[in-house]
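First comes the structure, then the notes that go with it.
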Amino acid sequence: MEVALESIGGGPGDAVHASWLELSASALRHNVEVFRALEGRAGPARMLGAVLKGNAYGHGLAQVLPLVHGQVDVLYFIAPQDALKVREHERAHGLPPRQVLVLGAVAPSEAVVLAREGVEAVVADRGWADAVAVLRAAKLERPLRVHVHIDTGLGREGFTLEGLPGESRFLVEARDVLEVVGVLSHFANTEDVTEQEYALAQVDAFEKGLAFLTSQLEPPKPLQRHIAASAATLVLPRARYEALRVGISMYGLWPSPETRLSARLVLGEVPVLKPVLSWRCRSQVVKWLPAGSYVGYGCTYRCPEPTRIAVLPVGYYDGYPRLASGKAHVLVNGRRCPVLGRVMMNHLIVDVTRATADERPVTATLLGRDGQESVSAEALSGWAQTIHYEFVTRLGAHLKRVVVE
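If you're matching positions, the sequence shown starts at 3 in our numbering and goes up one per residue.
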């Protein structure tokens, strides 16, 4: 079934989709303002960064990048090819360049491209020594600006404090092609707890590593320090260094219930974050099923009474979790409508008996608000026994994404 383009925020000539994601530009602006205000209350002005990894946390890099480019100071990515899209965007629209940092792995050939494009990279292990020869052979006009990653307790990327002196020695010898401009780390346990002893120990380790790196620079110079992602930015003032890396909360989602509780204790209030993402779908068919009818594969649901159902052309292929079968609900005309039976690859079946009076097509809200009711990413991921990080980043890249106000 085709939907009027205007009903989903599309423009002339856009492809028509029965299921689409809406991104609220005003909600994103609001969330940026929340962190700007927090930044000012925390003391000296800091650089506010937005993390755009995972296709902008599933929201869509192509749609989110134009929204945040002029609002934040730093843009963070995992993949070099995604980071380079910022420069393409800036050239296409005549925009001044923003600081862009690749947090993930970078191949030597990619390092050359990043250096030429003025995109920064993270040095996290001695494997980068192999890239030095490639960078020198490229005869760069300027060195690649890099941030050194210190593993302070996550056990993932980065130099450990024990290995830092020996494994990072090549940085001193490669000053002609690698310019150290920053140092970073990542917390392991700020979101799952309200007591931050482990995180504070990581801060101590971070500052020890920072002191060593600073002593190795000739001449010594201040480095851009960053360790705080969303949770630490909100609840751990000591971790707010020169730059803040805000990920999931930039999109209006709390990292965890514990973070929300801690924010009240630390800030004296709970900041209002507005979810940016909504997910809607037009029905494929609406019809009556007699009492006793089975619904879906496995005959796991049987109608106890005559039931008006809506078949929605969306399923786990699109990112709607199968584990939400029999537990989730969608919204139709502002009413909660339970998902009946199993979530299928390309279909959901929902009970709309009390939401509509006839068999005309309906629009269902799978995620977001309809009237006074809402379905949150936290609720949907809870039904699926996972976390909202996983749910939003698994939303299909093929889904139409449109920006609304």
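Cβ atoms here follow ideal geometry from the backbone N, Cα and C, with glycine treated the same way.
Query raised in the report: Who does Tyr-296 pair with in a DSSP beta bridge?
Result: Arg-304
Query - Other residues of its chain near Asp-153: CB distance less than 6 Å, five sequence neighbours each side excluded - result: Gly-160, Thr-162
Query raised in the report: How long is the line joining the alpha carbons of Leu-146 and Asp-132, rounded to whole angstroms?
Result: 14 Å
Report task. Could you check if Glu-271 is buried or exposed, using at least 16 other CB atoms within 10 Å of its CB as the buried criterion? Result -> exposed
Requested in this report: Kindly indicate which three-state DSSP category His-400 falls into: helix, strand or coil?
Outcome: coil
Report task. Please classify Phe-79: does DSSP put it in a helix, a strand, or coil? Result -> strand
Query raised in the report: Hey, how far is the Cα of Pro-98 from the Cα of Arg-344?
Result: 50 Å
Query raised in the report: Using the C-alpha atoms, what's the distance from Ser-26 back to Val-174?
Result: 46 Å
**Report entry** Strand pairing of Gly-321, partner residues [DSSP]
**Finding:** For Gly-321, which the question treats as bridged, DSSP gives no partner whatsoever.
Requested in this report: Under 7 Å Cβ to Cβ from Asp-194, same chain only, skipping five residues before and after it: list those, please.
Outcome: Ser-258, Glu-260
Requested in this report: List the endpoints of the continuous beta strand (DSSP E) containing Lys-289.
Outcome: 287-291
**Report entry** Burial state of Ser-28 (16 or more Cβ within 10 Å)
**Finding:** exposed
Query raised in the report: By a C-beta neighbour count over all protein chains shown, 10 Å radius and 16 as the cutoff for buried, is Asp-84 buried or exposed?
Result: buried
Requested in this report: State the start and end residues of the unbroken beta strand (DSSP E) segment that holds Trp-22.
Outcome: 21-26
Query raised in the report: Just the Cα atoms here: how many angstroms apart are Phe-393 and Tyr-322?
Result: 8 Å
**Report entry** Own chain residues within Cβ distance below 6 Å of Glu-454, not counting five before or after
**Finding:** No statement about residue 454 is possible, as the shown extent of the chain runs from 3 to 407 and does not include it.
**Report entry** Candidates Arg-93, His-349, Asn-335: closest to Asp-372 by CA position
**Finding:** Asn-335
**Report entry** Unbroken beta strand (DSSP E) run spanning Arg-247, endpoints
**Finding:** 245-248
Requested in this report: Let me know the beta strand (DSSP E) ranges lying completely inside the segment 349-376, each 3 residues or longer, listed in chain order.
Outcome: 350-353, 365-372
**Report entry** Presumed contact (8 Å Cβ cut-off) between Gly-51 and Val-88, rounded CB distance
**Finding:** Between Val-88 and Gly-51 the Cβ distance is about 12 Å, and since that is not below 8 Å, they are no contact.
Requested in this report: Give every residue of the same chain whose Cβ lies closer than 6 Å to the Cβ of Val-124, excluding the five residues on either side of it in the sequence, and list them in chain order.
Outcome: Leu-105, His-149, His-151
Report task. Indicate whether the contact test is met: 3 or more Cβ pairs, each with one atom in the segment 314-328 and one in the segment 267-286, closer than 8 Å. Result -> yes
Query raised in the report: Hey, is the segment 291-309 in contact with the segment 205-219, meaning 3+ C-beta pairs nearer than 8 Å?
Result: no
Query raised in the report: When the Cα atoms are used, what is the spatial distance from Val-287 to Ile-351?
Result: 10 Å
Report task. Report the rounded CA-to-CA distance for Gly-62 versus Leu-142, giving the unit in angstroms. Result -> 33 Å
Query raised in the report: Tell me which same chain residues have a C-beta within less than 8 Å of the C-beta of Gly-300, skipping the five on either side of it?
Result: Gly-343, Arg-344
Query raised in the report: Under 9 Å between the Cβ atoms of Arg-242 and Arg-48?
Result: yes
Query raised in the report: The alpha helix (DSSP H) spanning Pro-110 covers which residue range?
Result: 110-119
Report task. With a 10 Å radius around its C-beta and 16 neighbouring C-beta atoms as the bar for buried, classify Gln-387 as buried or exposed. Result -> exposed
Query - Continuous beta strand (DSSP E) stretch holding Trp-130: start and end - result: Careful: Trp-130 lies outside any beta strand (DSSP E) and carries neither H nor E.
Query - C-alpha distance - Ala-113 paired with Leu-137, whole-angstrom precision - result: 7 Å
Query raised in the report: Helix, strand or coil: which one does DSSP assign to Met-252?
Result: helix
**Report entry** Coarse secondary structure for Ser-217, derived from DSSP in three states
**Finding:** helix
Query raised in the report: Does the beta-carbon distance from Ala-190 to Gly-157 come in below 9 Å?
Result: yes
Report task. Please confirm whether His-349 and Gly-317 have their CB atoms less than 9 Å apart. Result -> yes
Requested in this report: Measure the C-alpha to C-alpha separation of Lys-276 and Ala-140 and round it to an integer number of angstroms.
Outcome: 46 Å
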